[in-house]
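> Residue numbers (the working numbering): 1 to 335.
Glycine included, each C-beta is placed from N, C-alpha and C at the ideal position.
(1) List the residues that DSSP assigns as beta-bridge partners of residue 199.
(2) From residue 154 to residue 146, what does the alpha carbon distance come to, in whole angstroms?
(3) For residue 156, count neighbouring C-beta atoms within 10 Å of its own C-beta (all shown protein chains included) and say buried if the count is 16 or more, exposed if not.
(4) Can you name the start and end residues of the beta strand (DSSP E) that residue 18 belongs to?
(5) Ends of the beta strand (DSSP E) at residue 258?
(6) Please return the same chain residues whose Cβ sits closer than 6 Å to the Cβ of residue 259, not counting the five positions on each side in sequence.
(7) Can you tell me the Cβ-Cβ gap for residue 43 and residue 64, rounded? I've got them flagged as a contact below 8 Å.
(8) Using only alpha-carbon positions, find the residue among 142, 105, 114 that is nearest to residue 124.
(9) In whole angstroms, give me the CA-to-CA distance for residue 237 and residue 158.
(10) From residue 324 to residue 309, what distance separates their C-alpha atoms?
(11) Given a cut-off of 8 Å on the beta-carbon distance, is the pair residue 204 and residue 169 in contact?
(12) Taking contact to mean at least 3 C-beta pairs separated by less than 8 Å, is the stretch 326 to 333 in contact with the stretch 292 to 308?
(13) Could you check what DSSP says for residue 159 in three-state terms: helix, strand or coil?
(14) Could you tell me which residues DSSP puts in a beta bridge with residue 82?
(15) Report, in whole angstroms, the separation of the C-beta atoms of residue 294 and residue 287, which I expect to be a contact under 8 Å.
(16) Going by DSSP in three states, residue 242 sits in which element: helix, strand or coil?
(17) Can you say whether residue 58 is buried or exposed, counting buried as having 16 or more other CB atoms within 10 angstroms of its CB?
(18) Would DSSP call residue 101 helix, strand or coil?
(19) Helix, strand or coil for residue 188? Go by DSSP, reduced to three states.
(20) Since residue 58 is in the beta strand (DSSP E), which residue starts that stretch and which ends it?
(21) Just to confirm, is the Cβ distance from residue 144 to residue 191 under 8 Å?
(22) Helix or strand or just coil, what does DSSP make of residue 106?
(23) Report yes if the C-beta distance between residue 175 and residue 207 is below 8 Å; otherwise report no.
(24) For residue 11, which residues does DSSP report across the bridge?
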């Protein structure tokens, strides 16, 4: 059974190995890369997902060894248009530091294609970008502020394959809103904090070999109600540290082992998620335009946009939470 931590806990022992495995509803796990036995080999990625029901914006910043990436995808949920692109740099000397691992910090990057900046001050962030000839289709620009609305998060840590020098640390935070502007070519979209949700997904890890990763997520606001979902690679794993969870109006509900089915891994076909005695029974259906799924491809990362149907009895068996056409997405990655 998975273990819940209810007080601050260091991730690493004095010998640099992982000393804990489990999850928390608050940012209790204390991450200090210098304490890790794998300090020189830690990889990190931070993604931001912004959606107002009309437009969805995916941003991922990654330090993978010597490689630095900025990956961006934008999807118009009304007409099905998806554009994506990424930039890459080999970091031989200076490493671009991602700001989410500290209370305050910033990331500033520019080259001939992009001007990009994230500034973090405690719970507030500002993200700015000018991406020229984005996806070979149009110039993309955005500037918005991210504010915390409060609520539970998912803090999760686990060793890899019972070898405690390798680890996986996740901080999934569906507690933000945004206000600002997104421009794509001649189109402009306004983000208002009353109806624009943002989750931040920070991941830090060191592992012995490449893995395939998949995550089904949703973050949907309607009036005063908000529903968020995180079902990730280890959805069928009931050991300490599984990411499976959903959030309703700022309250985390932990999920355990879930069975996943798909039609031979086809990206354009539905995915089915079931767990417990009807505790979880949901379907992710990719959106299609002209018989093609709404998919953004960015190097080894792809994001499929779609909707959720089904029910979550885990919330209340007598009055299950019904999901009907809820915007969602699946992230696939090799890392």
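On the basis of the supplied data:
(1) Residue pairing of residue 199 in beta bridges, as defined by DSSP: 49.
(2) Here the C-alpha atom of residue 154 lies approximately 19 Å from the C-alpha atom of residue 146.
(3) When all chains shown are included, residue 156 counts as buried.
(4) DSSP places residue 18 in no beta strand (DSSP E); its state is neither H nor E.
(5) Looking at the DSSP string, residue 258 is not in any beta strand (DSSP E), and its letter there is neither H nor E.
(6) Cβ neighbours of residue 259 beyond the five flanking positions: 274.
(7) Their Cβ separation, rounded to whole angstroms, is 5 Å, which keeps residue 43 and residue 64 in contact under 8 Å.
(8) Relative to residue 124, the option among 142, 105, 114 whose CA is nearest is 105.
(9) Residue placement at residue 237 cannot be trusted, given a pLDDT of 49 that sits under 50; what the coordinates show is reported in the next sentence. Straight-line spacing of the CA atoms in residue 237 and residue 158 works out to 12 Å.
(10) Rounded to whole angstroms, the gap between the alpha carbons of residue 324 and residue 309 is 5 Å.
(11) Yes; because the gap between Cβ atoms is below 8 Å, this pair is in contact.
(12) As far as the Cβ criterion goes, the stretch 326 to 333 touches the stretch 292 to 308, which means the pair count is three or higher.
(13) Residue state, collapsed to three classes: strand.
(14) DSSP lists 75 as partners of residue 82.
(15) Between residue 287 and residue 294 the Cβ distance is about 4 Å, and since that is below 8 Å, they are a contact.
(16) For residue 242, the secondary structure class from DSSP, reduced to helix, strand or coil, is coil.
(17) Residue 58 is buried by the Cβ-count criterion.
(18) If DSSP states are grouped into helix, strand and coil, residue 101 belongs with the helices.
(19) Correct three-state label for residue 188: strand.
(20) Unbroken beta strand (DSSP E) run through residue 58: 55 to 64.
(21) Taking a C-beta distance under 8 Å as the contact criterion, residue 144 and residue 191 qualify as a contact pair.
(22) In the structure shown, residue 106 sits in a strand (DSSP, three-state: E or B).
(23) No, these two residues do not count as a Cβ contact at 8 Å.
(24) Its beta-bridge partners do not exist; DSSP assigns none.
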